[in-house]
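Residue numbers (my numbering), protein chains in the order written: chain W, 182 to 496; chain F, 28 to 304; chain H, 192 to 644.
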Amino acid sequence: MSITTELGRTGHQPPIAALYNRHIAPRARGARLKYYILVAPALLLSLSVVLVPAVLTAVAAFTDWNGVAASASWIGLDNFSSIFADGVFWTALANNIRWMVLFLTIPMAIGLGAAMLLLRRPRSRTGYQLIFLIPYVLAAITNALVWLNIMYSPIAGLVGFLRKQGINAPAPLANLQTALYAVAAVDMWHFWGFLTVVYLASLRQTPVDHIEAAHIEGASGMQLFRYVYFPSIRPTLQLMFVMITIFSFLSYDYVKLLTGGGPAHSTEVLSTYAYTFAFSTFQFGKAAAVGLIMSLFGLLPAILYTWLSRRDLQA
Amino acid sequence: MSAGRSPIQSVAGHLVLLVLAATALLPLTLVAVNSLKPHSEVVRNPLALPTSLNFANYRAAWDFGHFGTGFTNSFMLTGTAVVVVLGCASLAGYVLAGKKIPAWPAVMLYFLIAVTVPIQLFLFPLYFAFAMLHLLGNVIAVGVVIAAINMPLSVFLMRTFFLKVPNELEDAALVDGANTYHVLRDVLLPIVSPGLLTVGVIVGLIAWNEFLISSTFLQGEGHFTATLGFLSMNGTFSTNQGVMMAGAMILIAPVVVIFVSVQRYFVEGFVSGAVKG
Amino acid sequence: MLDHGRRFLTPLLLVLGLLTIAPAAVTAAPTAASRQPLSMWFWGAPPDHQMTMKRVLVDGFNASQDTYALQVEFRNSVDSDIQVALAANQGPDIVYGSGPAFVAPYAASSKLVSMDAYSQKYGWKDRILDPIYQSGTVGGKLYALPNSLNTLGIFYNKAVLRKYGSDVPKTIEDLEATMDKVKADGLYPSVTGNKGWRPVNENYASIFLTHMAGPQTVYGALTGKVPWTSPEIQAAVEKSADWYQKGYLGGSDYVNLNFADSMQLLADGKSPFFIGPTLAFQFATDFFNKDKGNVDDLGYTSFPTIGTGLASPLYTLGTTASLSINANSSNQDGAAQVIDYMMSQMFLENMTATWPGYWGVPLKSIDIDPSKYEGLSREYVIAISDMIKGVNGGNFGYFTATFFPPATQQEFINIDTVWEGTSSASDFLTRVDQTFKVELEKNMVPPIPAPKL
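Here it is as structure tokens:
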């Protein structure tokens, strides 16, 4: 392929000399400036669009702004104390934690498993990836309509069908105990295809000569995975682990579309809780406070995990 | 690559994939089937096959969802988001993967924090700025905002792809006299092109289906994206499910086409020495 | 094979090409000749409703004058879009909002125009039902006009009632007896549910507040004279929980049914009753119509009063939405003209002919001949006429979504905590009381019209 052509074009020298050169060459400040310039666009764009408004919103958490008026007054930690005194907040928080545990296990496992299986099927893999991505590609409202009205419906949908056959299938969204899991199931079903695509792309970048070497040494499937593939995709796995943790505390769409936080708050999550304050009860200060808490909860496990694996991240 | 895999493993693997494919496809089939039925029939029995092939829903969806202008706007928005993200994230990913600046842990920490910010809560200040800059209704501006929101994930992903590139490659090129620009353009970017494609696909999908930011910042129906046009047919209390299903099919059609067509640009695992066909 | 640089070039050029035409596409919005534009944002709506809106409202208004050109945008999340827009002094000329309770904060922040002058010019005060008109005022000035009446009652399937030998229920005992009878036979006592839209709970909070706690008590609570924890209100909340648990509200499928599903089940004879808002007429047309030959099967009657201490019949007074004028609009006069156009009998008639249930303009007197209408539109017109009579006589209660301040209204959506048994009625009402007191202090309670005392 053309990569070897590139290699042939750019260098005949053995790599060792290059390594040697790099380690003894002085690091000029001018040389580093260009790297700042390279990273600047991403950083500046993110800072201006995300950080500045985020800080302003964070400040709002300490005020009584109602989301409409041109002014508000500082109330310190009042929003936080009323939120912590509200039982619904703790229900929502517990639900987010359950959500995180669910997403860190099930879709990760399925996504990785499917990616491994597709790795060895070069011809069918485009078709399979496309199919697995369909739930991710469909708009959330479409998926919600399908699951609410067709899958979960005890009257006309699959559950209804089972009931007509005499099987007393429970209606997943009606039961206070199962509602959250029913909603999470829909979101997980929509999400794991995305993970498959990411993991597969990463797996396909595993150096071919490592794989060949392992084959020559007679490595079994499990050993191949453990010693060749896994180390290669570990950064990606870690990245997705952190991302999923953070996303779990931001999850919103499917809860809002499927149950709106009900029945009786059993599917309430922090984002629906915040959204109600922002847009239904004119208490934007409280919404911002919940938002800060969401960020914190997403960030803490993420930082902890990153710090614990920092030595791996150096790799 | 099939050496070392027993037939049983092969069949079991196929079975698993087929089951997974079925779970992914079943709802799509339901959407397709129900897109051909009138609303009352869908409500009565969503699992039944249509009694006749009636494309009235598609015509209604196309007209009332304003898919004509919608697709143009969607392509502009998605295209902007993808181009901006790929441009910025690839450069940043390169810098962070190679730890080229001493502040790299701080930058990574910043991006990590940026991911945790809940979007719906920072709309107000952003909207205010948009209004002042007369950018309300500007699809390109919204594309840039979406790129900014997805920047952290993209930067991190690109970084993981750059991490796999051994230093020798870059050094060999540098020794040869190439400057950083050439190193990036001729050596590194082609190697991480699978990463560019993956990130491009992901951000493209996110931008295509995006409705929160778009709905807030896009005004005037001539500026609605296809997704917004689709959603405008969904009332709180009243929805024509047949039309919505047809609209859903129309909405994903371009995505499917583009996804399939970019797959052939996907370069296989790179080679660090040997020649491979 | 092409090298990578060139391969990416083509799509890149394509995007760049699009970017160059983008400014043109973005700014080019064809404007109608020399007319000034007026904008209004509405909820998302299915194609037939969009067609009716276009025909009756947009085309009708544009044809009736030649200064302005009205344009309606359909938006799935119109409420939050409007809030964000108004906060930044942007937004449409005509603000279509969720009702009087949402007007107060906007009015207080000067985002809406005081419409008193227009009211005088067009004679709205004389035309609109008094309690409705009052509810749109803030500090005595008119800021919003609720544009459509919505009340709660009983839709019934005549064929099913005939089959079980029951008459149209006139008392709560009749109603419950019929529901028990059909329940024993495996039918739904009534069909309804909040699938996909949790605020449907408001209907079943309101109906018992009106018909059991009574207008006087609720009026006292809403004006701060009576606590929300009073025994009459607690009894009403407990009765609603009792109904829910007995399956009188959608059997055990309340969370799995929405209004469309319910109407379909009602039409199919799976239940005799759908107890709910008159805006449900919108869904009825899909399942009770000429093609299916069952138009005459659907009837509507008011909900019976519970107990002997209250007047009868009573009507829960509610509106579906309200119309206001954006303070930052450059065409305020035009906006007022549109509102006037929408608050007329002609508008009621033209919209209701094809879209019954959502456009019951709250006029003091409507002179409509029901026989001019067919099928469901006729039933709807009769329902609205009856309601107007009742309201003029002062026999009305309060829809939580219309008259309760925002956070209190949200608390009543959480009434399902009592229904599901995760909270007691008294704890629930204690919470309501605390929430209400805060809002009362902050002047967030809309003007509450007094019932006949």
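All C-beta atoms, glycine included, are put in the ideal place defined by N, C-alpha and C.
Item                                                                                                                                                                           : Value
So, do the region 409 to 428 of chain H and the region 611 to 631 of chain H have three or more beta carbon pairs nearer to each other than 8 Å?                               : yes
Would you please state the rounded distance, in angstroms, between the beta carbons of H:T591 and H:S289? I believe it to be under 8 Å.                                        : Contact doesn't hold; Cβ gap of about 12 Å is too wide.
Does the beta carbon of F:R212 come closer than 8 Å to any beta carbon on chain W?                                                                                             : no
Relative to the alpha-carbon of F:W235, which residue among W:V231, W:A320, W:M289 has its alpha-carbon at the smallest distance?                                              : W:A320
For H:S614, I'd like the list of residues in its chain whose CB is within less than 7 Å of its CB, leaving aside the five on either flank, ordered along the chain.            : T608
Helix, strand or coil, according to DSSP, for H:F590 in the structure here?                                                                                                    : coil
Within 8 Å of any Cβ in chain W, is that where the Cβ of H:S300 sits?                                                                                                          : yes
Leaving out five residues before and five after F:F188 in sequence, what residues of the same chain have Cβ atoms less than 6 Å from its Cβ?                                   : V219, G222
For a contact defined as C-beta to C-beta under 7 Å, what are the partners of W:G472 on chain F?                                                                               : P145, L148
Just list the residues that DSSP pairs W:P416 with in beta bridges.                                                                                                            : For W:P416, which the question treats as bridged, DSSP gives no partner whatsoever.
Alpha carbon to alpha carbon, how far is H:T496 from W:G365? Give it in angstroms, no decimals.                                                                                : In the sequence on display, residue 365 of chain W carries Ala and not Gly. Their Cα atoms are separated by approximately 42 Å.
Which class does H:T258 belong to by DSSP, given the choice of helix, strand or coil?                                                                                          : coil
Counting only C-beta atoms, is W:T323 closer than 8 Å to chain H at any point?                                                                                                 : no
Please list the residues of the region 363 to 384 of chain H that have a C-beta atom closer than 9 Å to any C-beta atom in chain W, keeping them in chain order.               : none
Grab the span of the alpha helix (DSSP H) containing H:V576 for me, first residue to last.                                                                                     : This sequence places Ser at residue 576 of chain H; Val is not what is there. First-last of the alpha helix (DSSP H) with H:S576: 566 to 583.
Which chain W residues sit within Cβ distance under 7 Å of H:A278?                                                                                                             : G248, V249
Give me, in chain order, the residues of the same chain whose beta-carbon lies closer than 8 Å to that of H:Q600; leave out the 5 immediate sequence neighbours on both sides. : A292, E393, T591, A592
Does chain F have any CB closer than 8 Å to the CB of H:E632?                                                                                                                  : no
Please report how far the alpha carbon of F:A48 lies from the alpha carbon of W:A352, in whole angstroms.                                                                      : 25 Å
Return yes when the C-beta of F:V43 is under 7 Å from any heavy atom of the ligand NAD, and no when it is not.                                                                 : Looking at this structure, you won't find the ligand NAD or any other ligand, since it has none at all.
According to the neighbour-count rule (16 or more other Cβ atoms, all chains shown, within 10 Å of its Cβ), is F:Y6 buried or exposed?                                         : Here chain F has residues from 28 to 304 only, and residue 6 of chain F is not among them.
Which ranges would you report for the alpha helix (DSSP H) in the region 374 to 462 of chain W if only whole runs of at least 4 residues count?                                : 389 to 397, 402 to 405, 411 to 431, 434 to 439, 451 to 460
In angstroms with no decimal places, state the Cα-to-Cα distance between W:L439 and W:V367.                                                                                    : 9 Å
Which partner residues does H:R266 have in the DSSP bridge list?                                                                                                               : H:W234
Among the residues of its own chain, which have a CB less than 8 Å from the CB of F:V112, if the five just before and after it don't count?                                    : A174, N177, M178, S181, V226, G227, V230
Between the C-alpha atoms of F:A130 and W:M424, what's the straight-line distance to the nearest angstrom?                                                                     : 22 Å
CB H:F464 to CB H:M454, shorter than 8 Å?                                                                                                                                      : no
Using a cut-off of 8 Å between C-beta atoms, extract the partners of F:G114 located in chain W.                                                                                : P222
Anything in chain F within Cβ reach of H:P237, meaning under 7 Å, just list it in chain order.                                                                                 : M260, G262, S265, T266, N267, V270
Answer with yes or no whether the minimum CB distance from H:L470 to chain F is below 8 Å.                                                                                     : yes
Along the chain, which unbroken stretches of the alpha helix (DSSP H) at least 4 residues long are found entirely within the region 274 to 343 of chain W?                     : 306 to 318, 321 to 327
Kindly indicate which three-state DSSP category H:F465 falls into: helix, strand or coil?                                                                                      : strand
For H:D488, count the other beta carbons within 10 Å of its own beta carbon; 16 or more makes it buried, fewer makes it exposed. Which is it?                                  : buried
Which residues does DSSP list as the beta-bridge partners of F:T266?                                                                                                           : F:N261
Please check if any C-beta of chain F sits within less than 8 Å of the C-beta of H:V275.                                                                                       : yes
Counting only C-beta atoms, is W:G308 closer than 8 Å to chain H at any point?                                                                                                 : no
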